[in-house]
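Novice: Numbering (the working numbering), first residue to last: 104 to 389. Mind having a look at this structure? Questions to follow.
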DNA sequence: AACCAGGGAAGAT
DNA sequence: ATCTTCCATGGT
């Protein structure tokens, strides 16, 4: 067991990150102690890592604790919590835009990534076209039925396990037939090597889009969400997302949801940090 | 009861 | 290429 202390540049609001993770019943965290235990899979081995918030929003400090390979784990944790991103720069960028107020309300809030890009992809498929409450229930059933638990932390099932599931098994959990096919199909692609998540990390958003769009069950929305919450890419704006549309409608007091053309106008000046505007728009209607 | 949900595939223009 | 319809299921 080792421990490591990490200081990063502020602002960074760890409590908002924890609150977000608290929405998912699978997560193992303590809001009072400001700790979360997260599952990490590294080369087929699973490790539990505990992350504790010690500092303040302006001077964030964290303690990482685990038994796994240290440098590898530190790298993954840093990426997952987006400690390499300068929220100060992002915040400054939006001070001269039409969504300045959003950035005051969500000051210091980073992208909250899933603990593994593949988890994110599974989750995106499961969440398609479902209200958030039921979406969480469905994901929870999926993980608790076919995944595994270690030190009180739930791990998603490995692709090898999912690839061998039948549509009927997932339908029992109340997946629709299509959803079941999609999830199993993606797992099979990972197992046979035609979808390599680690390799994706090296590619541009566009390259990833063109690769993933060919997969059955994966459309533009799913890819945008994967890039945002699986890989933490900074410049995504899911135009077709109902939540984003409703958020714009509310923020600008519109009579009805904006058209796609109108959405294009609102986002002017937000690049290259569209993802942060998207994130805060979603949060603004929760 | 009807309509919606942080969509996507398949079929029809 | 773009538009429409259908798919399934819980929430409101």
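Beta carbons are placed, not taken as given, at the ideal position from N, Cα and C, and that holds for glycine.
1) Would residue 189 be called buried (16 or more neighbouring beta carbons within 10 Å of its own) or exposed?
2) Could you check the C-alpha separation between residue 306 and residue 232 for me, to the nearest Å?
3) Assuming residue 381 is part of the alpha helix (DSSP H), what are its boundary residues?
4) Thinking C-alpha only, which one of 210, 187, 316 is nearest residue 197?
5) Put residue 155 into one of helix, strand or coil per three-state DSSP.
6) Curious, which full-length alpha helix (DSSP H) runs of at least 4 residues does the segment 129-194 contain?
7) At which residues does the alpha helix (DSSP H) containing residue 204 begin and terminate?
8) Start and end of the alpha helix (DSSP H) containing residue 291?
9) Using 8 Å as the threshold, is the C-beta distance between residue 132 and residue 171 below it?
10) Please go through the segment 290-361 and give each complete beta strand (DSSP E) segment of 3 or more residues, from N-terminal end onward.
11) Looking only at its chain, what residues have a beta carbon closer than 8 Å to the beta carbon of residue 175, apart from the 5 residues adjacent to it on each side?
12) Quick one: Cα of residue 278 to Cα of residue 378, how far?
13) Using the three-state DSSP reduction, which class does residue 218 fall into: helix, strand or coil?
14) Any idea which residues DSSP pairs residue 109 with across the strands?
15) Could you give the first and the last residue of the continuous beta strand (DSSP E) run that contains residue 253?
16) Does the structure place the segment 347-355 close enough to the segment 366-385 that three or more beta carbon pairs sit under 8 Å?
17) By Cβ distance below 6 Å, which residues in the same chain neighbour residue 331 in space, the five residues on each side in sequence not counted?
18) Around the C-beta of residue 230, are 16 or more other C-beta atoms found within 10 angstroms, so that it is buried, or is it exposed?
19) Distance, Cα to Cα, residue 161 vs residue 281?
20) Alpha carbon to alpha carbon, what distance is there between residue 327 and residue 295?
21) Using a Cβ-based criterion (distance less than 7 Å to any ligand heavy atom), does residue 238 qualify as near the ligand MN?
22) Assuming contact is defined by CB atoms lying nearer than 8 Å, are residue 270 and residue 287 in contact in what I supplied?
23) Contact defined as beta carbons within less than 8 Å: I believe residue 220 pairs with residue 300. What is the distance between those atoms, to the nearest angstrom?
24) For the candidate residues 180, 109, 159, 119, whose alpha-carbon lies nearest to that of residue 140?
25) Hey, residue 247 and residue 266: beta-carbon distance below 8 Å or not?
26) Am I right that residue 45 and residue 128 are in contact with their C-beta atoms under 8 Å? What's the rounded C-beta distance?
27) Which whole-angstrom value is the C-beta distance of residue 257 and residue 173, which I expect to be below 8 Å?
Specialist: The short version:
1) One-based indexing of the first chain puts residue 189 at position 86. Looking at its Cβ environment, which holds fewer than 16 other Cβ atoms inside 10 Å, residue 189 is exposed.
2) What you label residue 306 is simply residue 203 of the first chain in a count that begins at 1. What you label residue 232 is simply residue 129 of the first chain in a count that begins at 1. One C-alpha to the other measures close to 28 Å.
3) As a working mapping, residue 381 is identified with position 278 in the first chain. Counted as a single uninterrupted DSSP element, the alpha helix (DSSP H) harbouring residue 381 occupies residues 377-386.
4) Mapped onto the first chain, residue 197 falls at position 94. The candidate whose alpha carbon is nearest that of residue 197 is 210.
5) Here residue 155 corresponds to residue number 52 of the first chain, with the count starting at 1. Three-state result, residue 155: strand.
6) 173-183
7) Counted from its first residue, the first chain places residue 204 at position 101. Its alpha helix (DSSP H) spans residues 203-208.
8) For the purposes of this step, residue 291 is taken as residue 188 along the first chain, with counting starting at 1. Residue 291 -> alpha helix (DSSP H) spans 280-294.
9) Here the question's residue 132 lines up with position 29 in the first chain. Here the question's residue 171 lines up with position 68 in the first chain. Contact flag unset, no.
10) Counting only runs of 3 or more, we get nothing.
11) The residue you call residue 175 lines up with position 72 of the first chain. Cβ within range, chain order: 145.
12) Taking the first residue of the first chain as position 1, residue 278 is located at position 175. Taking the first residue of the first chain as position 1, residue 378 is located at position 275. So the two alpha carbons sit approximately 29 Å from each other.
13) Reading the first chain from its first residue, position 115 is the one you call residue 218. It is coil, neither helix nor strand.
14) Reading the first chain from its first residue, position 6 is the one you call residue 109. For residue 109, which the question treats as bridged, DSSP gives the partners 165.
15) In the first chain, counting from the first residue as 1, residue 253 sits at position 150. Run containing residue 253: 251-253, per the beta strand (DSSP E) assignment.
16) yes
17) To locate residue 331, count along the first chain from 1; it is residue 228. So the list reads 339, 378, once near-sequence residues are dropped.
18) Numbered from its first residue, the first chain carries residue 230 at position 127. So residue 230 ends up on the buried side.
19) As a first step, residue 161 is located in the first chain; it is residue number 58 there, counting from the start. As a first step, residue 281 is located in the first chain; it is residue number 178 there, counting from the start. So the two alpha carbons sit approximately 46 Å from each other.
20) For the purposes of this step, residue 295 is taken as the residue at position 192 of the first chain. For the purposes of this step, residue 327 is taken as the residue at position 224 of the first chain. Approximately 24 Å between the Cα atoms of the pair.
21) Absence of the ligand MN is noted for the structure shown, with no ligands found whatsoever.
22) Working through the first chain from its first residue, we reach residue 270 at position 167. Working through the first chain from its first residue, we reach residue 287 at position 184. Yes; because the gap between Cβ atoms is below 8 Å, this pair is in contact.
23) Position 117 of the first chain, counted from the start, is the residue given in the question as residue 220. Position 197 of the first chain, counted from the start, is the residue given in the question as residue 300. Sure, about 5 Å apart at Cβ, within 8 Å.
24) Walking along the first chain from the start, residue 140 turns up at place 37. When only C-alpha atoms are compared, the closest one is 180.
25) Residue 247 sits at position 144 when you count from the first residue of the first chain. Residue 266 sits at position 163 when you count from the first residue of the first chain. Contact flag unset, no.
26) With the chain covering 104 to 389 only, the question about residue 45 has no answer from this structure.
27) Locating residue 257 in the first chain gives position 154, where the first residue counts as 1. Locating residue 173 in the first chain gives position 70, where the first residue counts as 1. Contact doesn't hold; Cβ gap of about 23 Å is too wide.
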